[in-house]
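Report on the following structure.
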Ligand code: ATP
Ligand code: MG
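Residue numbers (UniProt numbering): 45 to 322.
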């Protein structure tokens, strides 16, 4: 049965992003809890129709590691709201900020789930384009799900792709900055793998890999480091398999980067049975 926006009551704000606000909401009749993302949209009805059509694709996805979308609403005035699955432990970004220590075992368990979500999306010809710790949601059982795919594409319509907040571009792969040089035959899937590698490295190090802890990013310096510098690596203290896994994700040449399917059989996951008990 379809959910309508009139059926939902706001409980409180869960967080703010670049393009909108996410609320915890309750369904008035079923008492089910959802997360409602209200995106500031365009007032042009033609643009809104297009956006709604694109977001509707999200409703058709069905993977245990991709956030379920229960409805998309066109709010008079230009905003668009997406009703999605509520995840009670927040995001990997909030867990990191709360001081959770991401061990290799925990990261392997997380990566396996994110890669399975990415494999699902990529096999359905969907590119996420905005994978980062704040778009990876977690529940109490350490079940991990990807959210916000496609949403960034909608936002790019109304915002400069590298708007003032660096978070939007910091996880972008080198080829996405310079599509003319890197872009021949580029299909886009490898960009998601780069973003995953960078996010996992950040969780392990406790800070964004290209920047010293606590430093505010300067956008143009960061972009130069991503495009012209060596990709970041794990410290010697990390295991060989983990170091190799990150290296496979952070290949600057997108054609050398491993795919989600290839990474799922990387030796980093060789103790997969063990991982069930993490
Ligand atoms: P961006 O706008 O670039 O996506 P963001 O991911 O930080 O940045 P939002 O996607 O708007 O911003 O999410 C804001 C916050 O809302 C998240 O950081 C998270 O804490 C919370 N949140 C988002 N979706 C859910 C959800 N499905 N369940 C629980 N909390 C959520
Ligand atoms: Mg988000």
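Virtual Cβ for every residue (Gly too), placed ideally from N, Cα, C. If you're wondering where the values come from, they're calculated on a predicted model, not measured in any experiment.
Discussion item. Quick check on the burial criterion: 16 or more other C-beta atoms within 10 angstroms. Buried or exposed for residue 169?
Written reply: exposed
Discussion item. Based on DSSP bridge pairs, tell me the residues matched to residue 310.
Written reply: Paired residues: none, contrary to the question.
Practice prompt. Mind listing, in chain order, the continuous beta strand (DSSP E) runs of no fewer than 3 residues lying wholly within the stretch 164-190?
Written response: 180-182, 188-190
Worksheet item: Among residues of its own chain, excluding the 5 on either side of residue 76, which ones have a beta-carbon nearer than 8 Å to its beta-carbon?
Response: 70
Fill in: Within 8 Å, strictly: CB atoms of residue 270 and residue 221
yes
Worksheet item: What is the DSSP secondary structure of residue 282, counted as helix, strand or coil?
Response: coil
Worksheet entry | beta strand (DSSP E) segment containing residue 58, residue limits | 52-60
Item to complete: Go through the stretch 64-91 residue by residue and report every complete run of the alpha helix (DSSP H) that reaches 4 residues or more, in order.
Response: none
Worksheet item: Under three-state DSSP, which class holds residue 234?
Response: helix
Worksheet item: In terms of DSSP beta bridges, what is residue 126 paired with?
Response: 81, 116
Worksheet item: Secondary structure at residue 99, three-state DSSP: helix, strand or coil?
Response: helix
Practice prompt. Evaluate the contact criterion for the stretch 114-129 versus the stretch 154-168: three or more CB pairs, one atom per stretch, below 8 Å.
Written response: no
Fill in: Continuous alpha helix (DSSP H) stretch holding residue 220: start and end
218-221
Worksheet item: In whole angstroms, what is the alpha-carbon distance linking residue 247 and residue 234?
Response: 20 Å
Item to complete: Just mark residue 109 as buried or exposed, buried being the case when its beta carbon has 16 or more other beta carbons within 10 Å.
Response: buried
Discussion item. Buried or exposed, going by whether 16 or more other CB atoms sit within 10 Å of the CB of residue 268?
Written reply: exposed
Worksheet item: residue 263 lies in the alpha helix (DSSP H); which residues open and close that run?
Response: 263-272
Worksheet item: What do you get for residue 173, buried or exposed, if any count of 16 or more other CB atoms within 10 angstroms of its CB means buried?
Response: buried
Worksheet item: Any idea what DSSP makes of residue 147, helix, strand or coil?
Response: coil
Practice prompt. Would you check if the distance between the CB atom of residue 236 and the CB atom of residue 175 is smaller than 8 Å?
Written response: yes
Practice prompt. Below 6 Å CB to CB, which residues in the same chain sit around residue 275 once its five sequence neighbours on both sides are set aside?
Written response: 294, 296
Discussion item. For residue 163 and residue 308, which I take to be in contact (beta-carbon distance under 8 Å), what is that distance rounded to the nearest angstrom?
Written reply: 6 Å
Worksheet item: In this structure, does DSSP put residue 105 in helix, strand or coil?
Response: coil
Worksheet item: DSSP three-state call for residue 49: helix, strand or coil?
Response: helix
Worksheet entry | Cβ-based burial, residue 153 [other Cβ within 10 Å; buried from 16] | buried
Fill in: Rounded straight-line distance, which links the Cα of residue 192 to that of residue 180
9 Å
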